Amino acid sequence: MYEGRLSEFGISNPQAGALPEVKDPEAAYAAITRGDYLDYVKKYRGFEEELINKSQTDTSLIDAAREDSAAAPDIMRQSAARNVSRYGTQLTPAQLQQQERGLQRQGTLGSIQSVADARIAQTENNQRLLSDLINIGQGVNRSSLSQLGSEAANANSRRRAYDNAKAQSKAQTYSTVGSLASTAILAAVFL
Amino acid sequence: MGSKPKKQDYQASEAEKTSASVAMAERNYFKQKYDPLLRNMRDQSRSDDNRLNLRRRANADTMQALTADPSFANTQRTGNAGLASNALLGQLGIAEKSAGDIKNTMQTGVLGTARGQAADAQTGMAQASRLATSDALNRAKNNNAVRSAKMTAAGKVARAATQKYGELNPDSKLGGFFNRANSAYDDARAAGY
Numbered sequence: 001m002y003e004g005r006l007s008e009f010g011i012s013n014p015q016a017g018a019l020p021e022v023k024d025p026e027a028a029y030a031a032i033t034r035g036d037y038l039d040y041v042k043k044y045r046g047f048e049e050e051l052i053n054k055s056q057t058d059t060s061l062i063d064a065a066r067e068d069s070a071a072a073p074d075i076m077r078q079s080a081a082r083n084v085s086r087y088g089t090q091l092t093p094a095q096l097q098q099q100e101r102g103l104q105r106q107g108t109l110g111s112i113q114s115v116a117d118a119r120i121a122q123t124e125n126n127q128r129l130l131s132d133l134i135n136i137g138q139g140v141n142r143s144s145l146s147q148l149g150s151e152a153a154n155a156n157s158r159r160r161a162y163d164n165a166k167a168q169s170k171a172q173t174y175s176t177v178g179s180l181a182s183t184a185i186l187a188a189v190f191l
Numbered sequence: 001m002g003s004k005p006k007k008q009d010y011q012a013s014e015a016e017k018t019s020a021s022v023a024m025a026e027r028n029y030f031k032q033k034y035d036p037l038l039r040n041m042r043d044q045s046r047s048d049d050n051r052l053n054l055r056r057r058a059n060a061d062t063m064q065a066l067t068a069d070p071s072f073a074n075t076q077r078t079g080n081a082g083l084a085s086n087a088l089l090g091q092l093g094i095a096e097k098s099a100g101d102i103k104n105t106m107q108t109g110v111l112g113t114a115r116g117q118a119a120d121a122q123t124g125m126a127q128a129s130r131l132a133t134s135d136a137l138n139r140a141k142n143n144n145a146v147r148s149a150k151m152t153a154a155g156k157v158a159r160a161a162t163q164k165y166g167e168l169n170p171d172s173k174l175g176g177f178f179n180r181a182n183s184a185y186d187d188a189r190a191a192g193y
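The listed protein sequences derive, respectively, from chains A and B. According to our numbering, the first sequence is numbered sequentially starting from 1. According to our numbering, the second sequence is numbered sequentially starting from 1.
So, in structure tokens, the structure goes:
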């Protein structure tokens, strides 16, 4: 599709190994520029919006910490049981009760701490993502403003050139007509 | 009088044509090779592969550190499971944060590159528009020059005609007038008017 558009501007065999012939470099340049922007809109605009939204709403670290703090005591309970069984023994009911109390206590404390840590990490990650996005956006904004400034200067220069050309043409016309007319008048007077 | 400008005198040179062709070939190569890679990177950056790898690694690190050297005495310490549970939570938290960092860095890298291309494209557009501007200016200047030349030519023809008439008929009233008028005109030109 993109190559199809390029062929409209005199670019032949863009896929071939030989060098493509560029009949109109200016039109080709304009086509590439437009194509690049449209490609960005099609392939990356949604991705960019997704990232901007994510930088402000992402809670994945906190959610994971909550899930993990619920699952971790079970994992370690099973691990402890496997380790005990490897020695062909088992814990007494009192030891099991003590272990359970320890798991609950540590689980609660661990959960509070891991969720709190996750909140800090989440804020940090989101802020870093947002600042990176802002940096990218600023770069784009800067180049857009520079482009606009350049266009404004071009438009101004075109208008001034047109005004100058009009004035010059008018002056030239008046001068020639004036000299012809004065020649004619003087000729009539002397005749 | 000089001949009209020939269009073929203003054609691009072989060097310019080759330069444009090479630039286009490089551009096509870039689009073919690197565009799909960037799109792949974009899709990969959305996946959870790194996160899952880091979580597995965190789990393995914790288990290796706490259970790699088991002893009967350790199995009897009832507080160990709770402490190990906390350690696992801490490691998983670090894994999640690192995975988030990697994901964000990858995603902003992809976006920065894509946006860089867009910014390049915009700069290109400005350049293309400058090219168009100089063309428009050249056209305007050329038109103006042609108009001026036509008027100047008309003036010259009129002057040549009056001079010739003056030379051929110096004794006639009109011939005398043309001679005096042309002489006055030459004096005025010489004086800088």
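Positions of the beta carbon are idealized from the N, C-alpha and C atoms, including for glycine. Please read these numbers as outputs of a predicted model, since none were measured by experiment.
Can you check whether the C-beta of residue i is within less than 7 Å of a C-beta belonging to chain B?
| i | result |
| --- | --- |
| A:Ile-136 | yes |
| A:Ala-64 | yes |
| A:Gln-127 | no |
| A:Gln-90 | no |
| A:Val-84 | yes |
| A:Ser-131 | no |
| A:Ala-184 | no |
| A:Gly-201 | Chain A is shown only over 1 to 191; residue 201 of chain A falls outside these bounds and no answer can be derived. |
| A:Leu-103 | yes |
| A:Ala-57 | The sequence shown places Thr at residue 57 of chain A, not Ala. Judged by the 7 Å Cβ criterion, A:Thr-57 is not in contact with chain B. |
| A:Gly-110 | yes |
| A:Leu-38 | no |
| A:Asp-117 | yes |
| A:Thr-123 | no |
| A:Pro-93 | no |
| A:Gly-178 | no |
| A:Asn-31 | Reading the sequence as shown, one finds Ala at residue 31 of chain A and not Asn. Not one chain B Cβ lies under 7 Å of A:Ala-31. |
| A:Tyr-174 | no |
Is there a Cβ of chain A sitting closer than 7 Å to that of residue i, yes or no?
| i | result |
| --- | --- |
| B:Phe-106 | The sequence as given places Met at residue 106 of chain B; Phe does not occur at that position. No, B:Met-106 lies away from the interface with chain A (no Cβ there is under 7 Å from its Cβ). |
| B:Lys-7 | no |
| B:Asn-179 | no |
| B:Gly-175 | no |
| B:Pro-170 | no |
| B:Arg-189 | no |
| B:Ala-197 | Residue 197 of chain B is absent from the model: chain B starts at 1 and stops at 193. |
| B:Thr-78 | yes |
| B:Ala-81 | yes |
| B:Ala-114 | yes |
| B:Gly-100 | yes |
| B:Leu-111 | yes |
Please report the residue range of the alpha helix (DSSP H) in which residue i lies.
| i | result |
| --- | --- |
| A:Leu-19 | Note, A:Leu-19: premise wrong, no alpha helix (DSSP H); not H, not E. |
| A:Tyr-29 | 25 to 43 |
| B:Gly-175 | 173 to 190 |
| B:Gln-11 | Premise fails: B:Gln-11 is in no alpha helix (DSSP H) and is neither H nor E. |
| B:Arg-51 | 49 to 67 |
| B:Thr-75 | 72 to 76 |
Indicate the three-state DSSP secondary structure (helix, strand or coil) for residue i in the structure shown.
| i | result |
| --- | --- |
| B:Ala-161 | helix |
| B:Asn-40 | helix |
| A:Val-90 | The identity of residue 90 of chain A in the sequence shown is Gln, whereas the question assumes Val. Correct three-state label for A:Gln-90: coil. |
| A:Pro-73 | helix |
| A:Asp-58 | coil |
| A:Asn-83 | helix |
| B:Asn-80 | helix |
| B:Asn-169 | coil |
Does the beta carbon of residue i fall short of 6 Å from some heavy atom of the ligand ZN?
| i | result |
| --- | --- |
| A:Ser-60 | Looking at this structure, you won't find the ligand ZN or any other ligand, since it has none at all. |
Any Cβ of chain C within less than 7 Å of the Cβ of residue i?
| i | result |
| --- | --- |
| A:Ala-181 | Absent here is chain C; the protein component of the structure consists of chains A and B. |
Quick test of the definition: if touching needs 3 or more C-beta pairs under 8 Å, does the region 77 to 88 of chain A touch the region 139 to 147 of chain A? no
Taking 8 Å as the cut-off, does the region 109 to 117 of chain A touch the region 62 to 79 of chain A (at least 3 CB pairs, one atom from each stretch)? yes
For the 8 Å Cβ check, are there 3 or more pairs between the region 130 to 140 of chain A and the region 67 to 83 of chain A? no
Contact list for the region 21 to 50 of chain B against chain A, Cβ threshold 7 Å: Ser-21, Val-22, Met-24, Ala-25, Arg-27, Asn-28, Arg-39 and Arg-42
Tell me which residues of the region 143 to 159 of chain A have at least one Cβ-Cβ distance to chain B shorter than 8 Å, keeping chain order. Ser-143, Ser-144, Ser-146, Gln-147, Ser-150, Glu-151, Asn-154, Ser-157 and Arg-158
Are the region 97 to 112 of chain B and the region 92 to 110 of chain A in contact at 8 Å, needing three or more beta carbon pairs? no
Using a Cβ-Cβ cutoff of 9 Å, what residues of the region 153 to 166 of chain B are near chain A? List them in chain order. Ala-154, Gly-155, Ala-158, Arg-159 and Thr-162
I want to know whether the region 21 to 29 of chain A touches the region 11 to 27 of chain B - three or more CB-CB distances under 8 Å. yes
Contact between the region 99 to 118 of chain B and the region 45 to 63 of chain A (3+ Cβ pairs under 8 Å): yes
Which of the residues in the region 84 to 96 of chain B, read from start to end, lie with their CB under 8 Å from any CB of chain A? Ala-84, Ser-85, Asn-86, Leu-88, Leu-89, Gly-90, Leu-92, Gly-93 and Glu-96
Between the region 65 to 77 of chain A and chain B, which residues of the former have CB atoms less than 8 Å from a CB of the latter, in chain order? Ala-65, Asp-68, Ser-69, Ala-72, Pro-73, Ile-75, Met-76 and Arg-77
Determine, using beta-carbon pairs with one atom in the region 78 to 92 of chain B and one in the region 29 to 47 of chain B, whether at least three such pairs fall under 8 Å. no
Say whether the region 48 to 68 of chain B touches the region 24 to 33 of chain A, bearing in mind that this needs 3 or more beta-carbon pairs closer than 8 Å, one atom from each stretch. no
Counting Cβ pairs, one atom from each stretch, are 3 or more of them under 8 Å apart for the region 47 to 61 of chain B and the region 81 to 94 of chain B? yes
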